[in-house]
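Residue numbers (the working numbering): 2 to 579.
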């Protein structure tokens with residue numbers, strides 16, 4: 002590899018990242034469904050010509066795709082090799098979650114990039130489509146026992162063959178969706194994003210030459226690996242263990258364990274998931290590629306300076322038992338993958354809290370609360386409102402957790418209520434912070450949220466796929482747990498709750514009836530006794546904390562107006578030995 006001066010390397014890194022960022026922006030601006038257009042549940046990147054490893058990923062896309070998309074691109078590389086090799090103008094499309102990670106809603110488009118007749122790399126786009134068939138509108142089916150109940154499964158097939166568009170493939174896709182127009186719009190947005198990436202990368206290689214850009218990519222990977230080794234070496238050698246639980250799998254009402262042991266030896270790290278529950282009947286299983294991707298996301302939170310390329314994973318080894326719920330194969334259901342990877346992330350945080358308390362944070366709210374409402378308008382048109390919802394983030398060494406944030410698997414945003422109300426026959430009667438939901442700590446966990454949604458059409462069905470209804474997000478370094486998840490829906494004039502706490506399908510709503518989500522906060526960081534009384538009083542004034550919780554969790558005497566009685570507070574803390 003030829004030596005690159007630091008300035009050229011920095012320029013090329015910026016240019017390459019800008020290509021992926023522009024691809025992100027192109028899709029976000031052109032997608033039809035709010036989950037991509039508003040929530041940014043998508044990603045774009047450049048991938049190695051032979052291995053499929055992530056070379057560059059856009060900063061606005063979901064970090065979980067850094068690991069997962071490498072497996073997806075490798076699946077296309079293998080398929081292309083079996084068909085005589087890729088040709089300029091080829092584009093493969095698929096959503097197979099066992100080869101490409103995540104779940105059936107995430108459609109991947111993969112395109113080879115040639116320069117002067119030689120394959121240089123692959124470009125890829127992935128986006129969460131609004132509806133891809135299956136038994137539940139929006140595809141989060143909490144009662145699925147096989148992937149066929151979650152949606153259509155498409156292996157890698159050519160959407161473009163040497164530049165020739167195949168409309169029959171699109172017709173098959175549209176015929177299997179409740180929202181074919183939305184699917185068509187999102188698909189074309191992804192095609193355009195790849196086309197833009199093709200043009201921008203061609204200009205870059207024409208300007209700098211393929212060898213120079215290739216050298217830069219190799220150097221960026223090597224530097225990422227070196228940086229990760231240095232960060233791992235900064236941790237004390239040892240074995241650090243953690244476990245957490247999923248409420249249930251939607252079929253059998255028994256908890257499922259995620260067990261993790263992290264071993265640090267010099268500049269290498271080993272993540273061992275031995276002891277994790279066996280593959281389950283319901284849809285909280287994930288593929289091995291998804292498990293590895295979620296570990297990357299967790300480590301990115303802990304080691305914030307590492308870039309988004311495959312070099313980050315070079316000094317890390319994984320043990321994921323073949324028969325556990327983190328390594329399943331078809332046709333095991335995987336539609337609720339988001340809930341499981343959030344639990345994997347939490348176990349990494351808790352395990353590393355002993356090794357690096359100055360780097361970690363309390364666990365975030367731990368569920369996307371995938372909620373679908375679906376019905377027909379008066380003119381017979383089908384509507385499907387699928388959305389995810391926010392909660393609190395964990396307290397951390399530098400301060401309190403974020404109130405009402407999005408799940409830490411992504412840089413996505415929560416779709417605004419104005420967009421949802423404009424697109425669907427619903428009205429949000431409440432969208433507010435949830436008091437007393439953040440875990441107690443020297444740094445308080447962020448508050449969860451309260452969402453109450455009223456149906457404006459004659460009738461609709463509702464479906465919920467959530468978690469953390471029974472196992473609250475834990476705190477770290479002495480911080481307390483957050484409030485658990487709570488969901489209720491109106492059945493006539495009666496409010497009811499799901500029998501499995503966080504998952505339910507087939508809820509019947511009529512006009513004026515409501516569903517209500519009260520999401521978890523984030524876990525606390527540090528001993529609550531070390532929180533300044535003035536900070537506790539401020540939380541009461543802001544409505545984050547009730548006077549009762551201030552007394553119970555922080556031993557602070559605060560009245561309903563947020564005024565603190567310092568003498569009474571001193572007595573309370575003395576009584577508790579604080």
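We treat Cβ as the ideally placed atom computed from N, Cα and C, and that holds for glycine.
Query, Result
"Cutoff 8 angstroms; reference residue 2; Cβ partners in own chain excluding five residues on either side", "A caution first: residue 2 carries a pLDDT of 43, below 50, which makes its placement in the model unreliable, though a value can still be read off. 216, 219, 220."
"Given 8 angstroms, three or more beta-carbon pairs between the stretch 305 to 320 and the stretch 113 to 133", "no"
"Backbone secondary structure at residue 467 - three-state DSSP", "coil"
"Whole-angstrom C-beta distance between residue 338 and residue 386, which should lie under 8 angstroms", "That belief does not hold up - the Cβ atoms of residue 386 and residue 338 are roughly 21 angstroms apart, past 8 angstroms."
"Ranges of the beta strand (DSSP E) found wholly within the stretch 383 to 426, counting only runs of at least 3", "383 to 388"
"Segment contact flag, the stretch 461 to 479 with the stretch 141 to 149, C-beta cutoff 8 angstroms, min 3 pairs", "yes"
"Residue 429 vs residue 410 beta-carbon contact at 8 angstroms", "no"
"Classification of residue 435 by the beta-carbon crowding that lies within 10 angstroms, buried from 16 upward", "buried"
"Helix, strand or coil at residue 477 [DSSP, three-state]", "strand"
"Nearest neighbour of residue 560, chosen from 571, 572, 541, 327 [CA to CA]", "541"
"Candidates 27, 71, 83, 75: closest to residue 61 by CA position", "27"
"Residue 210 vs residue 252 beta-carbon contact at 8 angstroms", "no"
"Exposure label - residue 507; buried when at least 16 CB within 10 Å", "exposed"
"Residues near residue 350 by beta carbon distance below 7 angstroms, same chain, minus five either side", "299, 361, 362, 364, 477"
"Element boundaries [alpha helix (DSSP H), containing residue 15]", "7 to 31"
"Closest Cα partner of residue 587 within the set 171, 290, 293, 102", "This structure cannot speak to residue 587, because the chain is shown only from 2 to 579."
"C-beta atoms of residue 444 and residue 139 nearer than 8 angstroms", "no"
"Cβ-based burial, residue 567 [other Cβ within 10 Å; buried from 16]", "exposed"
"CA-to-CA distance, residue 113 to residue 50, given in whole angstroms", "8 angstroms"
"Of the listed residues 562, 557, 381, nearest to residue 576 (C-alpha basis)", "557"
"Runs of beta strand (DSSP E) wholly within the stretch 32 to 59 (minimum 3 residues, chain order)", "43 to 49, 55 to 58"
"DSSP three-state assignment for residue 564, whether helix, strand or coil", "coil"
"Simplified DSSP state of residue 213, which is helix, strand or coil", "helix"
"Cβ-based burial, residue 295 [other Cβ within 10 Å; buried from 16]", "buried"
"Residue 247 versus residue 205: straight-line alpha-carbon distance, rounded", "47 angstroms"
"Alpha helix (DSSP H) runs wholly inside the stretch 206 to 266, at least 4 long, in chain order", "211 to 234"
"Beta-carbon proximity list for residue 136, same chain, < 6 angstroms, skipping 5 on both sides", "142, 150"
"Status (buried if at least 16 other CB within 10 Å, exposed otherwise) for residue 473", "buried"
"Where residue 148 sits in the DSSP three-state scheme", "helix"
"Closest by C-alpha distance to residue 267, when choosing among 229, 275, 277", "229"
"Three-way DSSP call (helix, strand, coil) for residue 112 in this model", "strand"
"Residue 172 in three-state terms, based on DSSP", "helix"
"Beta-carbon proximity check, residue 46 vs residue 21, cutoff 8 angstroms", "yes"
"Opposing strand residues paired with residue 545 [DSSP bridges]", "Answer is none; residue 545 lacks a bridge partner."
"Beta-ladder partner(s) of residue 504, from DSSP", "466"
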